[in-house]
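*Asks:*
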């Protein structure tokens, strides 16, 4: 079974803090993704990575950066947290072997509150 | 840019009622289509996916979806819902070429009353 884990289920931070969200997958997947989930907006892609040290911007990258130093780990960084970044953050991974038909596997999510 | 529309934001049904959730996408090229489900407190998980062949796709837990290319639609159906189907359902699209990530719809919250 594919397992995607996220470092925290709940996180509370203050405006201006630097925030790190960590994601680890245990299936040697090539691709990893960060989404944010907001009511009425569904999931929106922030960044994704298709290889170690490779990354691409998604639809809403402003205010975020990412790091992928090892294949199994993909970090999302909020350089200076703001209240409009209060959201549920979901990490996902996919093998890359099936190309366009790849299934993405999701972690449990981190609910971030910025005060 | 492609987009995905889910027209029903909140659906309330009684047990044994039939379900159909709408999904339309805007991209004109070849796509792969997915339905994901998120049960309360659980991970998002794949219900079913379409990539080629028979446009009627069967998934887990008795769900199915039909791809109608001329209508750019991929509606989710279940003939008889159960209380345990209470969840949020997301339609997603991936282009056959180009970006490897999914584009999701806004989701439909299904509430099944016993």
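Chains as they are written, first to last, in the working numbering: chain S, 1137 to 1251; chain P, 11 to 124.
Just so it is clear, CB atoms sit at the ideal spot from N, CA and C, and this is done for glycine as well.
Every value quoted in this text rests on a predicted model; they were computed, and no experiment measured them.
#1: Keeping to the same chain, check which residues put their C-beta closer than 7 Å to that of residue 1219 (chain S); ignore five residues upstream and five downstream.
#2: Under 7 Å between the Cβ atoms of residue 35 (chain P) and residue 82 (chain P)?
#3: By the 10 Å Cβ neighbour count, where 16 or more other Cβ atoms means buried, how is residue 93 (chain P) classified, buried or exposed?
#4: From the DSSP output, in three-state form, read off residue 1206 (chain S) for me.
#5: Can you check DSSP and say which residues form a bridge with residue 80 (chain P)?
#6: Run down chain P in chain order and give the residues with a C-beta less than 7 Å from the C-beta of residue 1244 (chain S).
#7: Which bits of chain S does residue 112 (chain P) rub up against, with CB to CB less than 7 Å?
#8: In the DSSP assignment, the beta strand (DSSP E) including residue 1183 (chain S) goes from what residue to what residue?
#9: Can you list, in chain order, the residues of its chain with a C-beta nearer than 6 Å to that of residue 22 (chain P)? Leave out the 5 residues immediately preceding and following it.
#10: Cβ atoms of residue 1243 (chain S) and residue 1159 (chain S): under 7 Å apart, would you say?
#11: Is residue 1184 (chain S) close to chain P, meaning its C-beta is less than 7 Å from at least one C-beta of that chain?
#12: Nearest-angstrom Cα distance between residue 1228 (chain S) and residue 108 (chain P)?
#13: Taking the alpha carbon of residue 61 (chain P) as the reference point, which residue from P:27, P:103 and P:115 has its own alpha carbon closest?
#14: For residue 1181 (chain S), go through chain P and note every residue whose CB falls closer than 8 Å to its CB, in chain order.
#15: Tell me the residue span of the beta strand (DSSP E) that contains residue 112 (chain P).
#16: How long is the line joining the alpha carbons of residue 91 (chain P) and residue 72 (chain P), rounded to whole angstroms?
#17: Just to confirm, is the Cβ distance from residue 1166 (chain S) to residue 1217 (chain S) under 7 Å?
*Replies:* To lay it out plainly:
#1: 1151 and 1250
#2: yes
#3: exposed
#4: strand
#5: Paired residue(s): none; residue 80 (chain P) is not in a bridge.
#6: 53
#7: 1240
#8: 1178 to 1187
#9: 121
#10: yes
#11: yes
#12: 18 Å
#13: P:103
#14: 111, 112 and 113
#15: First-last for residue 112 (chain P): undefined, no H or E at that position.
#16: 9 Å
#17: no
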